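A.B. asks: Got a structure for you, written out below as structure tokens; questions coming shortly.
Numbering (our numbering), first residue to last: 408 to 624.
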């Protein structure tokens with residue numbers, strides 16, 4: 408990424424007319440991607456610690472989960488989604504998951520990750536954080552036809568629901584966690600090298616939807 412990339416506005420022909428992508432738009436995309444990378448790094452570290460150290464690593468996973476949630480929050484503030492309702496739903500899911508995490512962590516005397524693992528029912532609260540993440544995966548799969556996000560859209564809910572309902576043996580959960588980590592890493596790396604402008608989307612659609620909502624109201 409060069410300074411020229413950020414400095415020069417670019418005019419495109421959209422579905423509902425011309426629109427201009429500005430430096431501010433591109434900075435927003437960089438921030439969105441930074442949030443995703445931050446979340447991916449936290450998952451990578453947490454997963455590797457679990458595979459290497461087992462339950463001895465659970466103490467450090469809680470602060471990593473906090474940073475992971477912050478990364479998701481950054482991404483969900485700056486993500487471009489045409490459907491405003493869906494955008495708000497994903498933000499609400501992260502908020503619910505974060506509040507549930509704080510409440511549970513405040514009430515227990517053991518590491519959060521260990522408690523959640525032994526009490527799958529807590530995923531009815533904390534799991535909303537991963538619903539928000541899956542929403543990002545789905546958006547990326549739909550908009551950019553990314554193979555890794557198509558798999559992630561399936562793997563993450565399957566792993567969490569499988570653990571919640573007690574369907575999955577430990578070995579299968581570990582395989583799914585490893586797949587999640589690897590695919591999220593691939594996704595984050597590809598996002599960092601992807602051209603910026605396509606991530607902004609067709610701004611004429613956003614303008615059209617905003618004007619339509621104003622007329623309706």
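Glycine included, each C-beta is placed from N, C-alpha and C at the ideal position.
All values derive from a computational prediction rather than experimental measurement.
If you count every other CB in all the chains shown that lies within 10 Å of the CB of residue 585, and 16 or more means buried, which is it?
C.D. replies: Around the beta carbon of residue 585, fewer than 16 other beta carbons sit within 10 angstroms, so the residue counts as exposed.
A.B. asks: According to the neighbour-count rule (16 or more other Cβ atoms, all chains shown, within 10 Å of its Cβ), is residue 513 buried or exposed?
C.D. replies: Residue 513 comes out exposed.
A.B. asks: Measuring CB to CB, does residue 539 end up less than 8 Å from residue 479?
C.D. replies: yes
A.B. asks: Is it the case that the region 457-466 contacts the region 492-505, given that we only count it when at least three CB pairs across the two stretches are under 8 Å?
C.D. replies: no
A.B. asks: Classify residue 528: buried if its beta carbon has 16 or more other beta carbons within 10 angstroms, exposed otherwise.
C.D. replies: exposed
A.B. asks: Which residues in the same chain as residue 594 place their Cβ atom closer than 8 Å to its Cβ, once the five residues preceding and following it in sequence are excluded?
C.D. replies: 443, 447, 544, 547, 553, 555, 556, 559
A.B. asks: For residue 565, collect the residues of the same chain with a Cβ closer than 8 Å to its Cβ; drop the 5 residues on either side in sequence, then sort them by chain order.
C.D. replies: 583
A.B. asks: Under 8 Å between the Cβ atoms of residue 612 and residue 420?
C.D. replies: no
A.B. asks: Kindly list the residues whose CB is nearer than 8 Å to the CB of residue 425, restricted to its own chain and excluding five residues on each side of it in sequence; keep chain order.
C.D. replies: 418, 419, 611
A.B. asks: What three-state label does DSSP hand residue 428 in the structure shown?
C.D. replies: strand
A.B. asks: Expressed to the nearest angstrom, what Euclidean distance is found between the alpha-carbon atoms of residue 607 and residue 470?
C.D. replies: 31 Å
A.B. asks: On the three-state DSSP scale, how would you describe residue 410?
C.D. replies: Interpretation of residue 410 is limited by its pLDDT of 43, a score under 50 that renders its predicted location unreliable; no figure is taken from the coordinates.
A.B. asks: Nearest to residue 598 by alpha carbon, out of 441, 573, 428?
C.D. replies: 441
A.B. asks: For residue 524, which three-state DSSP category applies?
C.D. replies: Of the three classes helix, strand and coil, the one that applies to residue 524 here is helix, per DSSP.
A.B. asks: Could I get the ranges of all uninterrupted beta strand (DSSP E) runs contained in the region 418-482, with 3 residues as the minimum, in chain order?
C.D. replies: 424-428
A.B. asks: Could you tell me how far apart the beta carbons of residue 541 and residue 504 are, in whole angstroms, since I believe they sit closer than 8 Å?
C.D. replies: The pair is not a contact, with the Cβ atoms about 12 Å apart (cut-off 8 Å).
A.B. asks: From the DSSP output, in three-state form, read off residue 608 for me.
C.D. replies: coil
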